[in-house]
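Engineer:
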Amino acid sequence: MIKKKKMKVVFAAFAGVMLFGGLAFSPNKSQAAKKVSITKSVKVYEGKTAKIKLSNNKKKVTWSVTKGSGNIGLSKKSKMSVTVTGCKVGKATVQAKAGGKKYVCSVTVSKAVADADAKKGILTKKNMEYWGVKNSGNIVIPNGVKKIGNEVFAETKIGSIKLPKSLKSIGEYAFAFSSIQSITIPNTVNTIGEGVFSWCQQLKQVKLPNKLKKLEEATFCGCTALTDITIPNTVTSLGNECFLACDVLTDITIPNTVTSLGEGCFSSCDALTDITIPNSVTSIGKKCFNHCDKLKSIKLPSGLKKLNDETFEWCSSLTDITIPDGVTSIGESCFYGCEALTDITIPDGLTYVGHEFENGKENAGDAIDTYYTKITWRGKTYNDFFDFFYDVEFNNTSV
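Following our numbering, the numbering of the sequence shown begins with 1 at its first residue and continues without gaps.
1) Give me the Cβ distance between Leu238 and Cys223, rounded to the nearest whole Å; I'm assuming they're in contact under 8 Å.
2) For Val392, name the three-state secondary structure that DSSP assigns.
3) For the beta strand (DSSP E) that Trp63 lies in, which residues bound it at each end?
4) How many angstroms separate the CA atom of Ala225 from the CA atom of Thr273?
5) So the candidates are Ser78, Ala218, Thr351 and Thr93; which of them puts its Cα closest to the Cα of Glu172?
6) What first and last residue would you give for the beta strand (DSSP E) that runs through Thr93?
7) Can you tell me where the beta strand (DSSP E) holding Leu74 begins and where it ends?
8) By a C-beta neighbour count over all protein chains shown, 10 Å radius and 16 as the cutoff for buried, is Val9 buried or exposed?
9) When DSSP builds the beta bridges, which residues end up paired with Gln205?
10) Since Cys338 contacts Leu318 with CB under 8 Å, what's their CB separation in whole angstroms?
11) List the endpoints of the continuous beta strand (DSSP E) containing Ile375.
12) Report yes if the CB atom of Asp247 is closer than 7 Å to the CB atom of Asp228, and no otherwise.
13) Under a three-way DSSP split, which group does Phe335 fall into?
14) Please classify Gly262 as buried or exposed, where buried requires at least 16 other C-beta atoms within 10 Å of its C-beta.
15) Which residues does DSSP list as the beta-bridge partners of Ala50?
16) Alpha carbon to alpha carbon, what distance is there between Ser37 and Pro142?
17) Lys213 and Thr236 - do their beta-carbons sit closer together than 7 Å?
18) Please list the terminal residues of the continuous beta strand (DSSP E) segment that includes Val44.
19) Return the CA-CA distance between Cys105 and Lys34, expressed in angstroms with no decimal places.
20) Go through the region 192 to 262 residue by residue and report every complete run of the beta strand (DSSP E) that reaches 3 residues or more, in order.
21) State buried or exposed for Asp336, treating a residue as buried only when at least 16 other CB atoms are found within 10 Å of its CB.
22) For Lys88 versus Gln95, is the C-beta spacing smaller than 7 Å?
23) Over what stretch of residues does the beta strand (DSSP E) that includes Tyr382 continue unbroken?
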């Protein structure tokens, strides 16, 4: 028993010495050697270069190609890095030997598709990864390029871009969600794809080409910094949600070549105060101006036959609108929530008016909100929508 107690005392004393010794002599964190590591893998195009890093190494290093030596070349060797040149399509392995340890990096060499496609006059997203435009900056596209493919500059941080006169078309969502601030599209371009500038929230200035025939769906959707734009007088239609949620767009001129406005075309344009729609327009889509909170007045085209569902829904500042004599149909919720519209005159030829319970549609509302707006039709004034609806739909003397 005595021996055991002595053993315990000796062990405890030894442990204490080790503990305090450890505290006294443990190295500072900043003095501890950092672990050496190498870039695990790199991709490089033929004729181009990439860098392999050997981080935290301070010892002499020997760089070598242990596999696929015909596919790559090494240059600019140092203790911390080496430059790899792509020679031939294939795979290779680079080894760094330092301090008796070996560090390995795998290399993939790909075909230089950008050069090949540029010769064909087509720019693709794969090309742009090759050109390294994921970083911020201004881009110049070389002459000879005829087409910019889908999503090429989508989600990039470019500030501006210069396009060549050889360019003929721009693909869908080519600049979507990018940081582009301004762009001039040359007059050689006659086709611009769907959503090409959608949600470019820093885009302020755009010059469109004078040969353009159509603004496709969601062309400027979500361009919350766009203050002014001129639509060329060659354009014949504005697609669905073309200017949806352009928050600071205060006014816009629609040329008299345009014949149709798509669904939600100007929906949620919060700063839009007034707009004149030329008589050339014969079709206005659903929700075209809904939730345009500051829209005060609008001039509708004389040839219009129908006002679709929710066209002016919740245009809470709308005070003045004249419905053309040729309009025979007004859809559900067309003027619902127009709080400032105190009265409205409906053409005598109206044969259909949408109402809250029609066809069991969800979220359907009366075409005109009589809580705010008095209706005048065929010389009679209505303060209750259902009375108006009944006369239009069921009264033999009113149709």
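Built from N, CA and C at the ideal position, the CB exists for glycine as well.
The structure displayed is predicted, hence computed values, not measured ones.
Structural biologist: Taking the definition as stated:
1) Rounded, the Cβ-Cβ distance is 14 Å, inconsistent with contact.
2) helix
3) Looking at the DSSP string, the run of the beta strand (DSSP E) that includes Trp63 is Val61 to Lys67.
4) 16 Å
5) Ala218
6) Gly90 to Ala98
7) First-last of the beta strand (DSSP E) with Leu74: Ile72 to Ser75.
8) Because Val9 sits at a pLDDT of 39, beneath the cut-off of 50, its placement in the model cannot be relied upon, and the following sentence gives the value as read from the coordinates. Per the 10 Å Cβ criterion, exposed.
9) Beta-bridge pairing links Gln205 to Ser182.
10) 5 Å
11) Lys374 to Trp377
12) no
13) strand
14) buried
15) Val84
16) 40 Å
17) yes
18) Ser41 to Tyr45
19) 19 Å
20) 205 to 207
21) Checking the sequence, you will find Tyr at residue 336 rather than Asp. Label assigned to Tyr336: buried.
22) At the C-beta level, Lys88 and Gln95 stay beyond 7 Å of one another.
23) Lys380 to Tyr382
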